[in-house]
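Novice:
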Amino acid sequence: MGIEPATVLASKDLVGIAGLEAGEIQLLLDTAEQLLEVARRPIKKVPTLRGMTVVNLFMEPSTRTRFSFEVAEKRLSADTLNFSSSTSSVTKGETLFDTARNLMAMAPDFIVIRHPNTGAPHRLANVVTASVINAGDGSNEHPTQALLDAFTIRRHFGSLDGLTVVIAGDIRHSRVARSNALLLSKMGAKVRFAAPASLLPVQVDELKAESYLRLEPALEGADAVMMLRIQMERQKKLNFPSMREYYDFFALTPERLRLAKEGALVMHPGPMNRGVEIDSEVADGDQSVILEQVTNGVAIRMAILYLLAGGRSESAAGS
Amino acid sequence: MSRLLVRNGRVIDPVQGIDESLDILIEDGRIAKLGRNLERGADAPELDAEGLIVAPGFIDLHSHLREPGYEHKETIETGCLAAAAGGFTAVCCMANTNPVNDEPAVTRYIMEKADRAGAVKVYPIGALSKGCRGEELAEIGEMVEAGAVAISDSPNPVANSLLMRRALEYCRSFDVPMIVHPQDELLSDRGAMHEGRVSTRIGLRGMPAAAEESVVARDILLAEFTGGRLHLGHLSTAGSVAAIRAAKARGSRVTCEVSAHHFSLTDEDVAASNYDPQWKMNPPLRTDNDRQAIIEGIADGTIDAIVSDHAPHHRDEKEMDFADAPFGISALETAVSLALDRLVRPGVIDISALVRLMSATPARIVDVPGGSLAEGSPGDLTVLDPERTVTVDPASFVSKGRNTPFGGVTLQGGPAATIVGGRVVWQR
Numbered sequence: 000m001g002i003e004p005a006t007v008l009a010s011k012d013l014v015g016i017a018g019l020e021a022g023e024i025q026l027l028l029d030t031a032e033q034l035l036e037v038a039r040r041p042i043k044k045v046p047t048l049r050g051m052t053v054v055n056l057f058m059e060p061s062t063r064t065r066f067s068f069e070v071a072e073k074r075l076s077a078d079t080l081n082f083s084s085s086t087s088s089v090t091k092g093e094t095l096f097d098t099a100r101n102l103m104a105m106a107p108d109f110i111v112i113r114h115p116n117t118g119a120p121h122r123l124a125n126v127v128t129a130s131v132i133n134a135g136d137g138s139n140e141h142p143t144q145a146l147l148d149a150f151t152i153r154r155h156f157g158s159l160d161g162l163t164v165v166i167a168g169d170i171r172h173s174r175v176a177r178s179n180a181l182l183l184s185k186m187g188a189k190v191r192f193a194a195p196a197s198l199l200p201v202q203v204d205e206l207k208a209e210s211y212l213r214l215e216p217a218l219e220g221a222d223a224v225m226m227l228r229i230q231m232e233r234q235k236k237l238n239f240p241s242m243r244e245y246y247d248f249f250a251l252t253p254e255r256l257r258l259a260k261e262g263a264l265v266m267h268p269g270p271m272n273r274g275v276e277i278d279s280e281v282a283d284g285d286q287s288v289i290l291e292q293v294t295n296g297v298a299i300r301m302a303i304l305y306l307l308a309g310g311r312s313e314s315a316a317g318s
Numbered sequence: 000m001s002r003l004l005v006r007n008g009r010v011i012d013p014v015q016g017i018d019e020s021l022d023i024l025i026e027d028g029r030i031a032k033l034g035r036n037l038e039r040g041a042d043a044p045e046l047d048a049e050g051l052i053v054a055p056g057f058i059d060l061h062s063h064l065r066e067p068g069y070e071h072k073e074t075i076e077t078g079c080l081a082a083a084a085g086g087f088t089a090v091c092c093m094a095n096t097n098p099v100n101d102e103p104a105v106t107r108y109i110m111e112k113a114d115r116a117g118a119v120k121v122y123p124i125g126a127l128s129k130g131c132r133g134e135e136l137a138e139i140g141e142m143v144e145a146g147a148v149a150i151s152d153s154p155n156p157v158a159n160s161l162l163m164r165r166a167l168e169y170c171r172s173f174d175v176p177m178i179v180h181p182q183d184e185l186l187s188d189r190g191a192m193h194e195g196r197v198s199t200r201i202g203l204r205g206m207p208a209a210a211e212e213s214v215v216a217r218d219i220l221l222a223e224f225t226g227g228r229l230h231l232g233h234l235s236t237a238g239s240v241a242a243i244r245a246a247k248a249r250g251s252r253v254t255c256e257v258s259a260h261h262f263s264l265t266d267e268d269v270a271a272s273n274y275d276p277q278w279k280m281n282p283p284l285r286t287d288n289d290r291q292a293i294i295e296g297i298a299d300g301t302i303d304a305i306v307s308d309h310a311p312h313h314r315d316e317k318e319m320d321f322a323d324a325p326f327g328i329s330a331l332e333t334a335v336s337l338a339l340d341r342l343v344r345p346g347v348i349d350i351s352a353l354v355r356l357m358s359a360t361p362a363r364i365v366d367v368p369g370g371s372l373a374e375g376s377p378g379d380l381t382v383l384d385p386e387r388t389v390t391v392d393p394a395s396f397v398s399k400g401r402n403t404p405f406g407g408v409t410l411q412g413g414p415a416a417t418i419v420g421g422r423v424v425w426q427r
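Each protein sequence line maps, in turn, to chains X and V. Residue 131 in numbering that gives the first Met the number 0 is what sits at position 132 of the first sequence, and the numbering runs on without skipping anything. Residue 377 in numbering that gives the first Met the number 0 is what sits at position 378 of the second sequence, and the numbering runs on without skipping anything.
#1: What residues in its chain sit with their C-beta under 7 Å from that of V/Arg115, if we drop five residues either side in the sequence?
#2: Does the Cβ of V/Met0 have 16 or more other Cβ atoms within 10 Å, making it buried, or fewer, making it exposed?
#3: Could you work out which residues of chain V lie near X/His121, taking near to mean beta carbons separated by less than 8 Å?
#4: Please go through the same chain and pick out, in chain order, the residues whose beta-carbon is closer than 6 Å to the beta-carbon of V/Arg9, but skip the five residues on each side of it.
#5: Go through its chain and collect everything with a Cβ distance to V/Gly34's Cβ below 7 Å, but skip five positions before and after it.
#6: Ignore the nearest five residues each way along the sequence and tell me which others in X/Ser87's own chain have a CB closer than 7 Å to its CB.
#7: Near X/Ser318, what residues of its chain come up, given a Cβ to Cβ distance below 7 Å and the 5 sequence neighbours on each side ignored?
#8: What number of angstroms, rounded off, separates the C-alpha of X/Arg364 from the C-alpha of V/Trp278?
#9: Are at least three pairs of beta-carbons, each pair with one atom in the stretch 97-107 of chain V and one in the stretch 60-70 of chain V, less than 8 Å apart?
#10: Express the C-alpha separation of X/Leu214 and X/Glu254 in angstroms, rounding to a whole number.
#11: Taking only runs of the alpha helix (DSSP H) that begin and end inside the stretch 165-219 of chain X, which ones reach a length of at least 4 residues, in chain order?
#12: Below 8 Å between beta carbons: does that hold for V/Ala145 and V/Pro207?
#13: Is V/Asn36 buried or exposed, if buried means 16 or more other CB atoms sit within 10 Å of its CB?
#14: State yes or no: is the beta carbon of V/Phe405 nearer than 8 Å to at least one beta carbon in chain X?
#15: Mind the definition here: the stretch 267-276 of chain X touches the stretch 239-254 of chain X only if three or more C-beta pairs lie below 8 Å; say whether that holds.
#16: With a threshold of 16 other CB atoms inside 10 Å of the CB of X/Val7, please say whether the residue is buried or exposed.
#17: Which value, in whole angstroms, describes the spacing of the CA atoms of V/Val419 and V/Gly406?
#18: Who are the near neighbours of V/Leu331 in its chain, counting only those whose CB is closer than 8 Å to its CB and skipping five residues on each side?
#19: Closest by CA to V/Val14, which one among V/Glu184, V/Ala54, V/Val215?
#20: In the DSSP assignment, the beta strand (DSSP E) including X/Asp136 goes from what residue to what residue?
#21: Got a sec: which bits of the stretch 202-213 of chain X sit with their beta carbon under 9 Å from any beta carbon on chain V, in order along the chain?
#22: Got a sec: is the Cβ-Cβ distance from V/Ala322 to anything in chain B below 8 Å?
#23: Roughly how many angstroms lie between the CA atoms of V/Arg228 and V/Leu383, to the nearest whole one?
#24: Suppose the cutoff is 6 Å on Cβ atoms and the five residues either side in sequence are ignored; what does the same chain contact list for V/Met357 look like?
#25: Taking a contact to mean a Cβ-Cβ separation below 8 Å, would you say V/Ile302 touches V/His230 in this structure?
#26: For X/His114, decide whether its Cβ has a neighbour in chain V, counting only Cβ atoms nearer than 8 Å.
#27: Report yes if the C-beta of V/Ser151 is less than 7 Å from at least one heavy atom of the ligand PLP; otherwise report no.
#28: Would you call V/Arg204 buried or exposed, if buried means 16 or more other Cβ atoms sit within 10 Å of its Cβ?
#29: X/Ser197: buried (16+ other C-beta within 10 angstroms of its C-beta) or exposed?
#30: For my contact list, X/Leu237 and X/Leu48 are in at a C-beta cut-off of 8 Å; report their separation, rounded to the angstrom.
#31: Assuming the contact rule is C-beta atoms closer than 8 Å, X/Asp108 and X/Val53 should be a hit. Round their C-beta distance to whole Å, please.
#32: Could you tell me whether any Cβ in chain X is nearer than 8 Å to the Cβ of V/Gly195?
#33: Tell me the rounded alpha-carbon separation between X/Glu219 and X/Ala5.
#34: If you drop the 5 nearest sequence neighbours on each side, which residues of the same chain put their C-beta closer than 7 Å to that of V/Arg344?
#35: Beta carbon of X/Leu34, beta carbon of X/Ala298: below 8 Å?
#36: What separation, rounded to the nearest whole angstrom, lies between the Cα atoms of X/Tyr246 and X/Asn272?
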């Protein structure tokens, strides 16, 4: 599968993997590769976005995604504004469009938005002139996470084409799983979802993934295994009975990991529930790339900002 | 004596089996005579219906007029004017106002307001349960005495099967139908659209067809068991249509309706809207397979009535994101054109069948005067122009609610005039 990298991103926004072509994904990953080097400099800053303003609008709790964006923005010399709220401003009687109009009155160049409801970034992108970057919307997409995951896998295997990637956990409510499945399949990888059917969406083939109702058969021949955080509070014990039973049947343990290919990557978007979906021995083991994912997240988000800004300087990491 | 002569229209009355060019004379609010070259008498006004279709007034079984309590969405007056502009001569309005229409004082208030609006007839629907909360029966008998023509908690489902049974039984004493919104709310799991291929693709929470169909099945069984009059509101799935078809085949008296948007749109339209809540409604837009099953049900007579399910909302409320925005569309001014364009024009049904679905059968279901042009019937007429090209323009809606997924859509056929009690209440 030969994918030619695109030269620019077609849209002003990055609201989902669904709207990206394979060539654009290739371009994003290649650009991140160049930008990774900035983090190794003594002065970790390039002037690329000097004079540009980024609003980070987080309407749902987030620590690592928000920090990752902030670090990326600061390394590109952008001015940043942060707005965090555990409840959306809808509860204060403000509509999404009001929020958009107010933001635009401050003339930002970028709006990074995380929102508890599906489609909010898409709606926002339609009514603002700024570039909108989706940092996670409802149970829909988390495109920057999928890009950093793909970037991490590609750095280990050189290419995504022909790889088999297992994603295990609460697939039904996971925007990480959805974005990853869309991205990996576009890049020629095979995606396997592993979960009890109560945690799977209907008509999984729409997401170009195969579903497995037990973890073990999914792991056979896998090149990478991505474990998702299991949240009991959200489940109200309707979707699975207990953390203990989940661990017994669906957790990634050292024994189960041996079913995958030798040297298969262990991944987790965080935050981890040690002893629930993943065993500490695996999380901290040789095959784990969980902290690399965090490092790579900054480079990917820098690449997105850089490319949406128009890729003005000759080389992404140019000083 | 007040008179109105409607001249030269193609008069359609399925009840009497009439389909021919005739004049209609209305005297003192009632149909006085049908015939050729009728004399209008001195000074009586005349409406030239040459090239138009003249039918008994269309009756909408399912509207939300929002007053009292939600006047920012719609008032009884604006709702009545919108109904007139949409070709309806009467609307049945749901009880989910604030306060809920669960006692006769509210029923009377609605009727007085409607009288003052002076456009179309309004038939209030009383709540099934106090506050539409689904816990205890509302004062059904008192409301019926005050003028309520049916009982319903719609858009709230009746989760409690025992309450459903008791309501069907209790309503028998007052001979009113129960209109239900068939939906298992727990199974719907806070969904915002139909659960299926498209919801998986676009990442919106879904509500499965089974959430509707399981309650349709339950309610049909309870109606057969209790002998109560059940009318199933706005069916949206192939399974629901099949369940009704089977029930009717074994002699069940159950009746049902569909909304115009459910035979016009599908969940693929939700995807194409890019998360625009104008496409958010309950029941949700289903698959094309469901849409086609509804059309088949209309064609073979399984479906008894076509309704608007008019659910106006304020502009601000639809400026939310998809999940936060309320369900429903402003539909009184598009339902008739959709039926003409999507059903009559392609030949799914003929105009006579449409009149049955929007006038004759609705009148029978809620047992109100009208639905026919027999002498002595109310002088309520819906005049249609089958050749009229309608481009839906929400900004020009008479309704306060401009929430529609049909903005900019061009339809063939639409209302030309609306006559209530021999008075032209709207004319193009």
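Here a beta-carbon is modelled for each residue, glycine too, at the ideal position from N, C-alpha and C.
Specialist: Reading from the atomic positions:
#1: Closer than 7 Å at Cβ, skipping near neighbours: no residue.
#2: V/Met0 is exposed by the Cβ-count criterion.
#3: Within 8 Å of the CB of X/His121, the CB atoms of chain V belong to Asn273, Tyr274, in sequence order along the chain.
#4: Result list for V/Arg9: Ser20, Ile52, in chain order.
#5: Here the set comprises Leu21, Asp22.
#6: Residue placement at X/Ser87 is poorly supported in this model, since its pLDDT is 48, which falls under 50; the coordinates are not used for a value here.
#7: For X/Ser318, the pLDDT reaches just 46, beneath the cut-off of 50, and the residue's location in the model is therefore unreliable, leaving the point undetermined.
#8: In the structure as shown, chain X begins at 0 and stops at 318. Residue 364 of chain X is therefore absent and cannot be evaluated.
#9: Contact holds: three or more Cβ-Cβ distances are below 8 Å.
#10: Distance between the alpha carbons of X/Glu254 and X/Leu214: 12 Å.
#11: You should have 174-185, 214-218.
#12: Cβ distance not < 8 Å, so V/Ala145 and V/Pro207 don't count as in contact.
#13: Flag for V/Asn36 reads exposed.
#14: Not an interface residue.
#15: Short answer: they touch.
#16: Answer is exposed; the Cβ neighbour count stays below 16.
#17: V/Val419 and V/Gly406: Cα-Cα distance of roughly 28 Å.
#18: Closer than 8 Å at the Cβ level, and outside the excluded window around V/Leu331, lie Asp59, Ser62, Gly78, Ala81, Ala82, Ala84, Gly85, Phe87, Val90, Ser307, His309, Ser398.
#19: Closest by C-alpha distance to V/Val14, out of V/Glu184, V/Ala54, V/Val215, is V/Ala54.
#20: From DSSP, the beta strand (DSSP E) with X/Asp136 extends over 130-136.
#21: Going along the stretch 202-213 of chain X in chain order, one finds Gln202, Val203, Asp204, Glu205, Leu206 with a Cβ nearer than 9 Å to chain V.
#22: Among the protein chains in the structure shown, which are X and V, there is no chain B.
#23: Looking at the backbone, the Cα of V/Arg228 and that of V/Leu383 are separated by about 32 Å.
#24: Once the five neighbours on either side are set aside, the close Cβ partners of V/Met357 are Phe57, Ile305.
#25: Cβ distance not < 8 Å, so V/Ile302 and V/His230 don't count as in contact.
#26: It does: the Cβ of X/His114 has a partner Cβ on chain V nearer than 8 Å.
#27: As far as ligands go, the structure on display features none, and thus does not contain the ligand PLP.
#28: Around the beta-carbon of V/Arg204, 16 or more other beta-carbon atoms lie within 10 Å, marking it buried.
#29: Looking at its Cβ environment, which holds fewer than 16 other Cβ atoms inside 10 Å, X/Ser197 is exposed.
#30: Taking a contact as a CB-CB distance under 8 Å, the pair X/Leu237 and X/Leu48 does not count as one, their CB atoms being some 45 Å apart.
#31: Between X/Val53 and X/Asp108 the Cβ distance is about 7 Å, and since that is below 8 Å, they are a contact.
#32: It does: the Cβ of V/Gly195 has a partner Cβ on chain X nearer than 8 Å.
#33: Using only the alpha carbons, I get a separation of about 34 Å.
#34: Gln411, Gly412.
#35: Yes, Cβ-Cβ distance for X/Leu34 and X/Ala298 is below 8 Å.
#36: In a straight line, the C-alpha of X/Tyr246 is about 10 Å away from that of X/Asn272.
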